[in-house]
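Input: a single structure, listed below in structure tokens.
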Amino acid sequence: MESLPTTVSSKSDRRGRSSKSQNTSKPSLIMAFFSCLAWLYVAGRLWQDAQHRVALNTVLKKNLELRPKALTVDDKLMVLGCKDLERRIVETEMELAQAKSQGYLKNQKSLSSSSSSGKKKMLAVIGVYTGFGSHLKRNKFRGSWMPRDDALKKLEERGVIIRFVIGRSANRGDSLDRKIDQENLATKDFLILENHEEAQEELPKKVKFFYSAAVQNWDAEFYVKVDDNVDLDLEGLIGLLESRRGQDGAYIGCMKSGDVVTQEGSQWYEPEWWKFGDDKSYFRHATGSLVILSKNLAQYININSGLLKTYAFDDTTIGSWMIGVQATYIDDNRLCCSSTRQGFGCSRSFSDISLKQSKTGKMVKNTPEWEVTLTNPCSCTGTDITLTCDGFKSLTPIDPSQILVAGDECSLINNLYGETDFVFKYVWAEEFDIKIKSGEIACS
Numbered sequence: 001m002e003s004l005p006t007t008v009s010s011k012s013d014r015r016g017r018s019s020k021s022q023n024t025s026k027p028s029l030i031m032a033f034f035s036c037l038a039w040l041y042v043a044g045r046l047w048q049d050a051q052h053r054v055a056l057n058t059v060l061k062k063n064l065e066l067r068p069k070a071l072t073v074d075d076k077l078m079v080l081g082c083k084d085l086e087r088r089i090v091e092t093e094m095e096l097a098q099a100k101s102q103g104y105l106k107n108q109k110s111l112s113s114s115s116s117s118g119k120k121k122m123l124a125v126i127g128v129y130t131g132f133g134s135h136l137k138r139n140k141f142r143g144s145w146m147p148r149d150d151a152l153k154k155l156e157e158r159g160v161i162i163r164f165v166i167g168r169s170a171n172r173g174d175s176l177d178r179k180i181d182q183e184n185l186a187t188k189d190f191l192i193l194e195n196h197e198e199a200q201e202e203l204p205k206k207v208k209f210f211y212s213a214a215v216q217n218w219d220a221e222f223y224v225k226v227d228d229n230v231d232l233d234l235e236g237l238i239g240l241l242e243s244r245r246g247q248d249g250a251y252i253g254c255m256k257s258g259d260v261v262t263q264e265g266s267q268w269y270e271p272e273w274w275k276f277g278d279d280k281s282y283f284r285h286a287t288g289s290l291v292i293l294s295k296n297l298a299q300y301i302n303i304n305s306g307l308l309k310t311y312a313f314d315d316t317t318i319g320s321w322m323i324g325v326q327a328t329y330i331d332d333n334r335l336c337c338s339s340t341r342q343g344f345g346c347s348r349s350f351s352d353i354s355l356k357q358s359k360t361g362k363m364v365k366n367t368p369e370w371e372v373t374l375t376n377p378c379s380c381t382g383t384d385i386t387l388t389c390d391g392f393k394s395l396t397p398i399d400p401s402q403i404l405v406a407g408d409e410c411s412l413i414n415n416l417y418g419e420t421d422f423v424f425k426y427v428w429a430e431e432f433d434i435k436i437k438s439g440e441i442a443c444s
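Here the sequence shown is numbered in full-length UniProt numbering, starting from 1 and rising by one per residue.
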């Protein structure tokens, strides 16, 4: 009977220990949970620190690469040299601006050295405009007022340069270009504008290229632009230029002005007519047949050719340039074809007609169509004028009713009005010339 209490007490001890162990396991679980959270937090921070260290190392490497090297004595001297060079550049730019205002020449150094070496300064450079289809006309000029061969050299010794001025074909290196090169090789009287495309619509731009090329090649008192319909009195022109020698800012010609043609499709249509004001009148300018510029004005065109605006016609284009500079306008009626006196530059015969050509963009039988413009020289008028076409080869007229061969009548002008051009279109493969066959011509 004494053993019974012992059994009961052992059972009660086990129940006490079990309940006690249950009570102690809860805090352990809680501690383990918080330990896991702490471990995750620490691991995350360590991961962030590792990422930061990688980023810092990358930035440090970049900074080390970009960090300037230690300057040596040579480096310091180079820096000082650059500063000195920068100062000299600023001074040179200031001197250049001053020189431009006085008519700075791009090739001034070479030209001044040639003049200082005792070489005589030229009186004038005369550029005679010509085209690809004007071979016969050039030969006519060479046999009349324009010297050739030894006579041309003697004229240059007197200080006068004469050159036919022409650009390049739209198809560089074609038969047109080759013929000009061959002719120039034989005569040596061309000024070929390599960067200019010879076409009727490009004539205003040709002025810039001519004056720039003339200034860069020759040092002269005057630069003269002459159309190929002008029968020039060369000695009279030389006398005029001699009397004006040493005059800066001279803009010499037959001065005129007139209404701006605003109707599209008209012969003298000006696409930018609205720029000439409400009165639609041109400013005073020299006629395009003969324009004389003094050295500093030609230099101005040479320097600023990239900025100068061109209009539809070369005479008004030059006139617009002269408005913005200190130019002295000299209106000499001896340069006017309508003058009652015999002028220095007036064609008195319609046989010296100006012939211009430009492509229309059409093709006829695989041959390009060209537009021919016959410019009436001066103020010539006439009635019942018949023209003959000489030198045609492989001619295919646009108008099938006009079947022409060399020497045939190609056009009939019943009435010819002063300063009015005659335009027609043909297709041809070779050069040609147009001459007067019959009719009466009167030039005022």
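For each residue, glycine too, the CB sits at the ideal point set by N, CA and C.
DSSP lists VAL165 as the beta-bridge partner residues of TYR129. Fewer than three pairs of CB atoms, one per stretch, sit closer than 8 Å, so the region 307-320 makes no contact with the region 237-246. By the CB criterion at 7 Å, ILE292 and VAL207 fall outside the cutoff.
Counted as a single uninterrupted DSSP element, the beta strand (DSSP E) harbouring GLY253 occupies residues 250-253. Put simply, of GLU156, LEU56 and HIS135 the residue whose alpha carbon is nearest the alpha carbon of GLN182 is HIS135. Counted as a single uninterrupted DSSP element, the beta strand (DSSP E) harbouring VAL226 occupies residues 220-226. Under the rule that a run must span 4 or more residues, the alpha helix (DSSP H) segments found entirely inside the region 164-208 read 175-187. Around the beta carbon of ASP228, 16 or more other beta carbons lie within 10 angstroms, which makes this residue buried. Here ARG88 is exposed, its C-beta having fewer than 16 other C-beta atoms within 10 Å. In the three-state reduction of the DSSP assignment, SER320 falls in the helix class.
Sequence-distant Cβ neighbours of ASN171 in its own chain, meaning closer than 6 Å and more than five residues away, do not exist here. Of all alpha-carbon atoms in ALA298, PHE190 and PHE283, the one lying nearest the alpha-carbon of TYR129 is that of PHE190. By the Cβ neighbour-count rule, MET363 is exposed, with fewer than 16 other Cβ atoms within 10 Å of its own. For HIS285, the closest of GLY306, TRP47, LYS295 and THR328 by C-alpha to C-alpha distance is THR328. Rounded to whole angstroms, the gap between the alpha carbons of MET146 and LEU85 is 51 Å.
Under a 10 Å Cβ-count criterion, VAL59 is classified as exposed, with fewer than 16 other Cβ atoms of the shown protein chains found around its own Cβ. Cβ-Cβ distances below 8 Å link SER144 to ASP231 in the same chain, with the five nearest sequence neighbours on each side left out; the list follows chain order. In chain order, TYR282 place their CB closer than 6 Å to the CB of GLY258, counting only its own chain and leaving out the 5 sequence neighbours on each side. A direct Cα-to-Cα measurement between ALA43 and LYS83 gives close to 57 Å. Counting only the Cα atoms, ARG245 lies some 8 Å from LEU123.
Nearest to ASP314 by C-alpha distance, out of CYS36, TYR41 and PRO204, is PRO204. Secondary structure of THR360 (DSSP, three-state): strand. Around TRP39, the same chain offers no residue with a beta carbon nearer than 6 Å, after the five sequence neighbours per side are excluded. Using a Cβ distance threshold of 7 Å, VAL215 and GLN299 count as a contacting pair.
The continuous beta strand (DSSP E) containing ASP331 extends over residues 328-331. For LEU155, the uninterrupted alpha helix (DSSP H) segment begins and ends at 150-157.
Judged by DSSP in its simplified three-state form, LEU308 adopts coil rather than helix or strand. For ILE292, the beta-bridge partners assigned by DSSP are VAL224 and ILE252. For GLU197, same chain residues with a beta-carbon under 8 Å away, outside a window of 5 residues either side, are GLY167, ARG168, SER169 and ALA170 in chain order.
Excluding five sequence positions before and after GLN247, the CB atoms of its chain that fall closer than 8 Å to its own CB belong to SER294 and THR328, given in chain order. In the DSSP annotation of this structure, the continuous segment of the alpha helix (DSSP H) that includes GLU235 starts and ends at 234-243. DSSP places VAL160 within a strand segment (E or B) once states are collapsed to three. In terms of CA proximity to ASP331, TYR251 leads the group ILE301, ASP219 and TYR251.
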